[in-house]
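Heads up: take any position in the sequence shown, counting from 1, add 10, and you land on our numbering.
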Amino acid sequence: MHDLANRFENFGTPVGTAGDPWRRVGVEIEFMGPGARAAAEAVARDLGGSISMEDPHAYRILGTRLGDMRVETDLRHVHPQRRNGLGMRLDGRTAALLGDLLSPFVPRELVTSPLPIGRLSEVQDVMDVLRSVGGRGRGAVLLDSLGLHFNVDPPCLDAPTVTAFLKAFLLLEGRLRRETARGSRRLTIALPPAFPQDYARRVLDHGYWPGLAELTDDYLAANPTRNRALDLLPLLAWMNEGKVRRALPHEKIGPRPAFHYRLPQAHLSDPGWSLMPDWERWLLVEGLATELGTTCGMETVGRTGVLQGSDCGRIECNHSPAGGSAKGRGAAPHAKREGDARRSGPDRPKPARASAGVATPDCRSQDRE
Numbered sequence: 011m012h013d014l015a016n017r018f019e020n021f022g023t024p025v026g027t028a029g030d031p032w033r034r035v036g037v038e039i040e041f042m043g044p045g046a047r048a049a050a051e052a053v054a055r056d057l058g059g060s061i062s063m064e065d066p067h068a069y070r071i072l073g074t075r076l077g078d079m080r081v082e083t084d085l086r087h088v089h090p091q092r093r094n095g096l097g098m099r100l101d102g103r104t105a106a107l108l109g110d111l112l113s114p115f116v117p118r119e120l121v122t123s124p125l126p127i128g129r130l131s132e133v134q135d136v137m138d139v140l141r142s143v144g145g146r147g148r149g150a151v152l153l154d155s156l157g158l159h160f161n162v163d164p165p166c167l168d169a170p171t172v173t174a175f176l177k178a179f180l181l182l183e184g185r186l187r188r189e190t191a192r193g194s195r196r197l198t199i200a201l202p203p204a205f206p207q208d209y210a211r212r213v214l215d216h217g218y219w220p221g222l223a224e225l226t227d228d229y230l231a232a233n234p235t236r237n238r239a240l241d242l243l244p245l246l247a248w249m250n251e252g253k254v255r256r257a258l259p260h261e262k263i264g265p266r267p268a269f270h271y272r273l274p275q276a277h278l279s280d281p282g283w284s285l286m287p288d289w290e291r292w293l294l295v296e297g298l299a300t301e302l303g304t305t306c307g308m309e310t311v312g313r314t315g316v317l318q319g320s321d322c323g324r325i326e327c328n329h330s331p332a333g334g335s336a337k338g339r340g341a342a343p344h345a346k347r348e349g350d351a352r353r354s355g356p357d358r359p360k361p362a363r364a365s366a367g368v369a370t371p372d373c374r375s376q377d378r379e
């Protein structure tokens, strides 16, 4: 498996993905320093909007020029009004006191609403605001990462697309981890654990193009945690929340139709730090996933023995919103959807959610749960 991954160490520029007006990305930035209220007030002051308190350690910022956001202490115990899955719930006063006591050690987290990918660079303004009120961080706190997380719209909500992205990430994971850690042992230790090797071998097998049910079962069995660099639990929970909750009743999972890319680290204490290099590394995953979804690796991957051309028929995506047939061998996950010109921007329909599996406006898989 390591020999195989090494073949993709120098994988080049990804196929363009940022030009799709439909796809969006949300950002999570963890930091130390100011409390949730001070950070929220600063963002509202500089970017517009108003703040609303959810609890003393969680605030919503409504109506900024980058959309709604929230800032909160990243610890479930201090938000007693939420379902925490821990089997215990503190009263409001105790939770607030606990948050105050742990504030020097537990990060705050700013979470944006999903933004058009073309506006991602504007999140730099949010980071400047946080620095202005004392926001800081150097990639890790104690033995845990200070995360910079991306919640990325999949180009298609079906099992073949998710599988292609998972394969691509596994092939590039070693390189991504090294570049993220910047040669620092401290930052390397703080990174999320790698996927189990037996699971990675299974996914990278040339015949592994499962339906949604098998993909979900395999993932949950090998990864009963959200602590992975590419966390698929939110996406799988969006597709079938009941199955994921039954398997992991105590895990903190927010169902959403997004890849939760948790590998990057936040460095607010570095005035020259930008989120864009980490985003460009994610685009390498996008590019390789597109190659897998377009040709099943006949040119790029087939020579390694991971995938064979005969598997191409397993990847089918109906890109016709009206239900017309747009299927073909290896329909590209990033191919233009019919109707892009007339359905873009704020009028884009949200992905539908179904109790028995996944339903999306544009993509369908032969194998549904």
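From the three backbone atoms N, C-alpha and C, an ideal C-beta is built for every residue, glycine too.
Using alpha carbons as the reference points, say which of the options lies closest to residue i.
i	options	result
residue 152	182, 128 and 115	115
residue 204	37, 264, 188 and 217	188
residue 202	212, 210 and 191	191
residue 392	174, 267 and 104	The structure shown does not extend to residue 392, since the chain is modelled only from 11 through 379, so no value can be given for it.
residue 157	138, 240 and 53	240
residue 269	259, 126 and 167	167
residue 294	271, 284 and 208	271
residue 2	252, 290, 58 and 215	One cannot answer for residue 2 here, as it falls past the ends of the chain, which runs 11 to 379.
residue 159	288, 300 and 301	288
residue 79	286, 184, 133 and 223	133
residue 286	77, 41, 129 and 111	129
residue 206	180, 223, 215 and 284	180
residue 40	76, 119 and 215	119
residue 234	215, 223, 219 and 259	259
Can you name, in chain order, every residue of its own chain whose Cβ lies under 6 angstroms from the Cβ of residue i, other than the five neighbours on each side?
i	result
residue 109	67, 83 and 88
residue 99	90
residue 230	257
residue 358	In this prediction, residue 358 scores a pLDDT of 39, lower than 50, which makes its location untrustworthy; no coordinate-derived value is stated.
residue 266	244 and 248
Can you give the Cα-Cα distance for residue i and residue j, rounded to whole angstroms?
i	j	result
residue 227	residue 254	9 angstroms
residue 237	residue 273	10 angstroms
residue 117	residue 217	42 angstroms
residue 278	residue 261	28 angstroms
residue 297	residue 225	22 angstroms
residue 381	residue 74	With the chain covering only 11 through 379, there is no way to say anything about residue 381.
residue 125	residue 145	23 angstroms
residue 350	residue 165	Any reading at residue 350 is ruled out, since the residue's pLDDT is 32, under 50, leaving its predicted position unreliable.
residue 178	residue 121	26 angstroms
residue 140	residue 52	7 angstroms
residue 321	residue 107	Note that residue 321 scores a pLDDT of 34, beneath 50, so its modelled location is shaky and nothing firm can be said.
residue 281	residue 138	9 angstroms
residue 92	residue 172	29 angstroms
residue 113	residue 142	19 angstroms
residue 209	residue 232	6 angstroms
residue 184	residue 104	43 angstroms
residue 300	residue 161	18 angstroms
residue 219	residue 111	48 angstroms
residue 223	residue 215	18 angstroms
Less than 9 angstroms separating the beta-carbons of residue i and residue j?
i	j	result
residue 264	residue 247	yes
residue 102	residue 65	yes
residue 163	residue 35	yes
residue 197	residue 131	no
residue 243	residue 176	no
residue 47	residue 63	yes
residue 147	residue 45	no
residue 123	residue 193	no
Run through the DSSP bridge pairs and tell me what residue i is partnered with.
i	result
residue 79	71 and 122
residue 275	157
residue 39	120 and 158
residue 151	154
residue 34	126
residue 241	270
residue 146	42
residue 65	68
Whose C-beta lies closer than 7 angstroms to the C-beta of residue i among residues of the same chain, with five residues either side of it excluded?
i	result
residue 50	61, 69, 71 and 81
residue 186	273 and 291
residue 150	156, 196, 197, 200 and 275
residue 284	134
residue 315	With a pLDDT of only 36 at residue 315, under the threshold of 50, the placement of this residue in the model should not be trusted, and no figure is reported.
Residue i: beta carbon under 8 angstroms from a heavy atom of the ligand GDP?
i	result
residue 158	Judged by which ligands are present, the structure shown has none, so any question about the ligand GDP falls away.
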